[in-house]
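**Q** Positions 13 to 347 (my numbering) are the ones given, in order, by the sequence shown.
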Amino acid sequence: MHHKQDESVGLLIEEFLTARATRKPSPHTLEAYRRDLRAVAALVGEDTTPLPLDQVMISDLSPRVMRAAFARFAAPRAASSVHRAWSSWNSFFTFLVAEGVVAGNPMPAVGRPRAPLPQPKPLRGEDTPEELLASVARDDGRQRDPWPERDVAVLALALCAGLRLSELLALRVSSLTGRAGERRVDVAGKGGRPRVVPVESELDEVLAAYLDSRVRRFGSRSVRPDSPLLVDRRGEPLRRGGLQYLVDSCYRRAGIGDRVPRGARLHALRHTFATRLAEDGASAAEIMRLLGHASLASSQTYIEVTAGQQRAAVRSNRTNRALAGLVRLSFDPAG
């Protein structure tokens with residue numbers, strides 16, 4: 013067996029994360045791995061006295077010990093959090109087996125809850141997307157440096173192309189390709205999966221207006237093909253926190269904060285895109301391709317939610333209640 017079997021779990025976690033970094037995951041993903049691995053490792057120990065992390069040796073992590081640690085970890089947490097941590101530890105042990113550090117992976121002996129598919133969280137209200145775009149398109153005198161062309165472009169890319177936050181940040185000016193009438197955006201998707209999303213003429217015009225305004229602000233060199241597509245008011249690449257703040261401020265300016273599902277923020281725009289696709293008859297396979305889902309099951313949730321909404325709408329039809337009364341009146345044997 014490899015000599016590293018006597019190394020601390022803390023050191024091996026960092027080796028695993030270094031190896032994982034070659035796959036170019038987002039910093040958020042790497043931090044989630046670290047958090048899950050360290051949180052469970054911190055619960056290893058006898059009874060209610062966990063060992064310090066630097067004293068937990070990899071050779072200590074038998075199936076029995078891992079089951080006990082996961083039982084403590086799971087007690088106060090949601091099933092989805094436990095499922096994610098289980099996956100992190102399974103990947104960690106798979107790495108250790110490949111490196112010859114341990115003989116086998118104990119995680120199959122540790123129970124794993126079924127993780128429910130996340131439910132879509134689109135903006136609430138039939139006309140909310142249109143209200144949002146119309147509000148943001150207007151110059152707001154309260155803003156110190158209004159840039160409605162940029163703000164509308166960000167919202168439109170999420171609402172009309174369904175892009176994730178990380179995908180928006182990764183876009184370059186050259187990501188917009190194709191001739192007029194055949195425009196598309198090349199997207200670097202989750203897990204390194206590329207996809208192409210068609211750009212309709214209306215979105216194309218919005219993006220062209222944004223790039224023109226950028227030239228006026230910062231000069232033609234600011235829109236070179238390798239330049240980031242989305243920039244802040246100083247012309248610097250827009251970053252995660254800045255993009256989240258921008259979207260939140262758009263919600264506030266439009267006065268629709270109460271129609272944004274809790275915890276969704278920018279993702280509510282992507283979910284709105286997918287939900288409207290389903291409402292307009294797109295298949296799960298089409299939604300899967302456009303959103304860059306890894307499995308058809310994720311895309312199917314939009315179809316199911318839409319079907320439920322349609323049934324609720326039919327149920328609310330007053331004529332149904334009139335029919336019920338008519339049937340009781342006409343076919344009641346005692347009538």
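A virtual CB, placed ideally from N, CA and C, is assigned to each residue, including glycine.
Nothing here was measured: the structure is a model prediction, and the numbers come from that model.
Just to confirm before moving on: does the CB-CB distance between Phe104 and Leu24 stay below 9 angstroms?
**A** Taking 9 angstroms as the Cβ cut-off, Phe104 and Leu24 qualify as a contacting pair.
**Q** Measuring straight from C-alpha to C-alpha, what distance separates Pro206 and Ala297?
**A** Each residue's Cα considered, the two are about 16 angstroms apart.
**Q** Can you name the residues that DSSP bridges to Thr189?
**A** Thr189 pairs with Arg196.
**Q** Going by other Cβ atoms of all chains shown within 10 Å of its Cβ, with 16 needed for buried, is Ala294 buried or exposed?
**A** Result: buried.
**Q** DSSP three-state call for Pro88: helix, strand or coil?
**A** DSSP places Pro88 in coil when its eight states are reduced to three.
**Q** Suppose you measure from the CA of Ser74 to the CA of Val122; what does that come to, to the nearest Å?
**A** Answer to the nearest angstrom: the Cα atoms are 10 angstroms apart.
**Q** Let's see if you can read the secondary structure: which residues bound the beta strand (DSSP E) around Pro132?
**A** Unbroken run through Pro132: none, as it is neither H nor E.
**Q** Mind pulling the alpha helix (DSSP H) runs of 4 or more residues that sit fully within the segment 27-76?
**A** Correct list: 39-53.
**Q** Grouping DSSP H, G and I as helix and E and B as strand, with all else coil, what is Arg245?
**A** In this structure, Arg245 counts as coil in the three-state DSSP scheme.
**Q** Quick one: residues in its chain with C-beta nearer than 8 angstroms to the C-beta of Val109, no 5 flanking neighbours on either side, listed in chain order?
**A** So the qualifying residues of the chain are Ala115, Gly116 and Asn117.
**Q** Pick helix, strand or coil for Val208, following the three-state DSSP scheme.
**A** Note: Val208 maps to strand in three-state DSSP.
**Q** Quick test of the definition: if touching needs 3 or more C-beta pairs under 8 angstroms, does the segment 159-178 touch the segment 222-232?
**A** Because the criterion of three Cβ pairs below 8 angstroms is met, the segment 159-178 and the segment 222-232 touch.
**Q** Put Arg126 into one of helix, strand or coil per three-state DSSP.
**A** Coil, per DSSP.
**Q** Are Ala266 and Leu144 closer than 9 angstroms when you measure CB to CB?
**A** Yes. Within cutoff.
**Q** Confirm, please, whether the CB-CB distance from Ala182 to Val197 is below 9 angstroms.
**A** No, these two residues do not count as a Cβ contact at 9 angstroms.
**Q** Does the beta-carbon distance from Leu281 to Pro120 come in below 9 angstroms?
**A** Against a cut-off of 9 angstroms, the Cβ pair of Pro120 and Leu281 comes out as no contact.
**Q** Could you tell me the alpha carbon to alpha carbon distance between Ala319 and Arg136, rounded to whole angstroms?
**A** The predicted position of Ala319 is uncertain, since its pLDDT is 49 and thus under 50; no value can be drawn from it.
**Q** CA-CA distance, Glu217 and Met69?
**A** Their Cα atoms are separated by approximately 59 angstroms.
**Q** Check for me: the alpha helix (DSSP H) holding Arg274 runs from which residue to which?
**A** Careful: Arg274 lies outside any alpha helix (DSSP H) and carries neither H nor E.
**Q** Look at the Cβ atom of Leu167, then the Cβ atom of Val148, and state whether they are nearer than 9 angstroms.
**A** In this structure, Val148 lies closer than 9 angstroms to Leu167 by Cβ.
**Q** Starting from Leu281 and walking both ways along the alpha helix (DSSP H), at which residues does that stretch end?
**A** Here the alpha helix (DSSP H) through Leu281 covers His279 to Glu291.
**Q** Using three-state DSSP, classify Arg252 as helix, strand or coil.
**A** Three-state DSSP puts Arg252 in a helix.
**Q** Helix, strand or coil, according to DSSP, for Ala240 in the structure here?
**A** Strictly speaking, residue 240 in this sequence is Pro, with Ala absent from that position. Three-state result, Pro240: strand.
**Q** Could you check if Val208 is buried or exposed, using at least 16 other CB atoms within 10 Å of its CB as the buried criterion?
**A** Val208 comes out exposed.
**Q** In chain order, what residues of the same chain lie with their CB nearer than 6 angstroms to the CB of Leu215, ignoring the 5 residues before and after it?
**A** Cβ neighbours of Leu215 beyond the five flanking positions: Ala168 and Cys172.
**Q** Would DSSP call Ser100 helix, strand or coil?
**A** Helix, per DSSP.
**Q** Quick check on Gly304: buried or exposed, where buried means 16 or more other Cβ atoms within 10 Å of its Cβ?
**A** Counting Cβ neighbours within 10 Å, Gly304 comes out buried, since at least 16 surround it.
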